[in-house]
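Student:
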Amino acid sequence: MAVTTRLTWNEEKRLQKLLGNVSLRLLYKSSVHQSDIFYLLERCIHQGPTVTIIYFSEVLWVVFMLEHYPEKSDKLTRPNPSLQFSFPKYRESEITAVLETEMKIVSKQLEFYFFGKKKFSVDLGKAILSTYTSKDNDSEQNSCCKTKFLECEVFRAEGIKDDTNYISKITRAMKYRNPLVAELRAYKPCVHIISEIRILLLGPTGSGKSSFINSVKSIFRGQRTRHAPVGADTTSITEQYRIYPIKYGKYGTCLQFSLCDSMGIHEKEGVGLCMEDIPYILKGCVPDRYQLNPKRPITPNHPTFITSPSLKDRIHCVAYVLDINSIQDLSSKMVAKLKEIQKEVLKCGIACVLLFTNMDNCSTLPQDNFLNMAKAMTSQSQIMDVSKMLSVPIYNTFMVENYTSEWELDPLKDTQILFVLRQMLRIVDDFLEDLPLEETGNLAPFCSSHKAWCF
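Note that this note's numbering numbers the sequence shown so that position 384 is 1076, with each residue one more than the last.
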């Protein structure tokens, strides 16, 4: 009788994709084979990369090891590159640790050591997973939490391409990802009267503005979200001006920055974002969820018009979002519109960056020196031209690969997006620190009779 896995079809596909589209071959199942660690080792040693899954009612505990299981020994094995993560049944999974795993057998239990400290142990006979935590990094006193599990299975992972390179990429990404998340969670604007930084995304229709917002929200939510509507063609689907707060976790508090979305810019008049709306958006006069009209801009007489916006209501950074594969197709009319917008941005004293989307394998590119990227010299030249055209410094130019159709988060992609977001906030802080003291209070009210701002 064939032994079958407890994994559902969807769980297996999600796991395979997370590990690089590998094939999984079942080697050991505790409810069928002997619930004995020595029997497990007999079936799993010298099998190459393995995936160990501990089943609970609502979550799977998974360890992926690049090298095979150890020999039967009570001594620590040499470090084994591995990934450890939780795999919730009803939402997307996330790699929680990239580790050098050491193992040994003690009292018929398989113990996992990470960085020389015992973190987990598996007792197959009693079906218990024990997790160990210490109060601080230097403490040797571990507290133990024992949890009954339903099943233990071990698979051989087949079809991993360039094993060492795959692990090294994940390791390098996770080394930066978690600290970046922590840094952005703790971020506070350098000017105390600003409760949150507002970053406005502007660009042609279909350039990836809403996808970038969804990507950022997904990373901090811990699962793929699609709050900002995304179109499938060159027709703008965004019809409202939106201010999207960023939350950590599903029910967490809002972080101290928001991403603002609007209609895409179109080369034709009367289509896309109305150019006369942009100064009002920059100065904080347009409320969240305002219904944009390509042919009728907002006016000071509109009932929701914010007549006396403060510094915290304004846009603090403008990100020009452009599809890197389409920059050579920018028409002269589109270029003229972008230049006109940039004049207004500079006039308002707002930080600005260039954000190129749809980069292939963008996670492999060094953001701090994009000229080293493996792209044709023509693309590099075009990026330089756009930077010069919009008067955006080259060190304020970034590339991202947004989430689009993916269902799982990718630590490589996460790290690259988080890096860009952190750099944006640092650029904003530089601008805010340079503001004159009188600019940190309320702006003067709008003078409707002169259709201009009174300073």
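Every residue, glycine too, gets a C-beta built ideally from N, C-alpha and C.
Out of I938, S723 and E703, state which residue places its alpha-carbon closest to the alpha-carbon of S715.
Tutor: Checking every option, the nearest Cα to that of S715 belongs to E703.
Student: According to the Cβ coordinates, are L951 and I891 closer than 8 Å?
Tutor: A contact, by the Cβ cut-off of 8 Å.
Student: Could you check if C1044 is buried or exposed, using at least 16 other CB atoms within 10 Å of its CB as the buried criterion?
Tutor: By the 10 Å Cβ count, C1044 comes out buried.
Student: Can you tell me whether E794 is buried or exposed? The criterion is at least 16 other CB atoms within 10 Å of its CB, across all chains shown.
Tutor: Result: buried.
Student: Rounded to whole angstroms, what's the CA-CA distance from A1066 to I1086? Just pull it up for me.
Tutor: Because the pLDDT at A1066 is just 36, under 50, the model does not fix this residue reliably, and the value given afterwards should be weighed accordingly. Approximately 18 Å between the Cα atoms of the pair.
Student: Within this structure, are the beta carbons of F1111 and L872 separated by less than 8 Å?
Tutor: Contact flag set, yes.
Student: Could you check what DSSP says for F997 in three-state terms: helix, strand or coil?
Tutor: Of the three classes helix, strand and coil, the one that applies to F997 here is coil, per DSSP.
Student: Can you give me the C-alpha to C-alpha distance between C836 and S723, rounded to a whole angstrom?
Tutor: Spanning the two alpha carbons is a distance of roughly 25 Å.
Student: In whole angstroms, give me the CA-to-CA distance for F1062 and V978.
Tutor: Summary for F1062: the model assigns pLDDT 38, below 50, so the residue's position carries little reliability; its value from the coordinates is reported in the next sentence. Approximately 36 Å, taken between the alpha carbons.
Student: Please state the DSSP three-state secondary structure of P979.
Tutor: It is coil, neither helix nor strand.
Student: Should T742 be labelled buried (16 or more other beta-carbon atoms within 10 Å of its own) or exposed?
Tutor: Burial call: buried.
Student: Per DSSP, what are the beta-bridge partners of F804 in this structure?
Tutor: DSSP lists M795 and F812 as partners of F804.
Student: In chain order, what residues of the same chain lie with their CB nearer than 7 Å to the CB of Y731, ignoring the 5 residues before and after it?
Tutor: Closer than 7 Å at the Cβ level, and outside the excluded window around Y731, lie H725.
Student: Which of the three DSSP states, helix, strand or coil, is assigned to C736?
Tutor: Here C736 sits in helix by DSSP.
Student: Whole angstroms is fine: what's the gap from E1100's alpha carbon to D1106's?
Tutor: For E1100 and D1106, the distance between alpha carbons rounds to 11 Å.
Student: Report yes if the C-beta distance between L1014 and G895 is below 8 Å; otherwise report no.
Tutor: Taking 8 Å as the Cβ cut-off, L1014 and G895 qualify as a contacting pair.
Student: Look at the alpha carbon of L699 and the alpha carbon of K939, and state the distance between them as a whole number of angstroms.
Tutor: When rounded, the distance between both Cα atoms is 31 Å.
Student: Just verifying my parser: in three-state terms, what is the DSSP assignment at C1139?
Tutor: Confidence in C1139 is poor, its pLDDT being 42 and thus under 50, which makes the residue's placement unreliable; the coordinate value appears in the next sentence. In this structure, C1139 counts as strand in the three-state DSSP scheme.
Student: Bridge partners of V883, per DSSP?
Tutor: According to DSSP, V883 bridges with nothing at all.
Student: Might you give, ordered along the chain, the residues of its own chain that have their beta carbon closer than 8 Å to the beta carbon of M1081, omitting 5 neighbours on each side?
Tutor: Counting only Cβ-Cβ distances below 8 Å, and skipping sequence neighbours, we find V1027, L1030 and K1031.
Student: Within the chosen definition, does the region 879-886 reach the region 998-1010 through at least 3 CB pairs nearer than 8 Å?
Tutor: Segments in contact, yes.
Student: For F1111, does the three-state DSSP call read helix, strand or coil?
Tutor: The answer is helix: DSSP assigns F1111 an H, G or I state.
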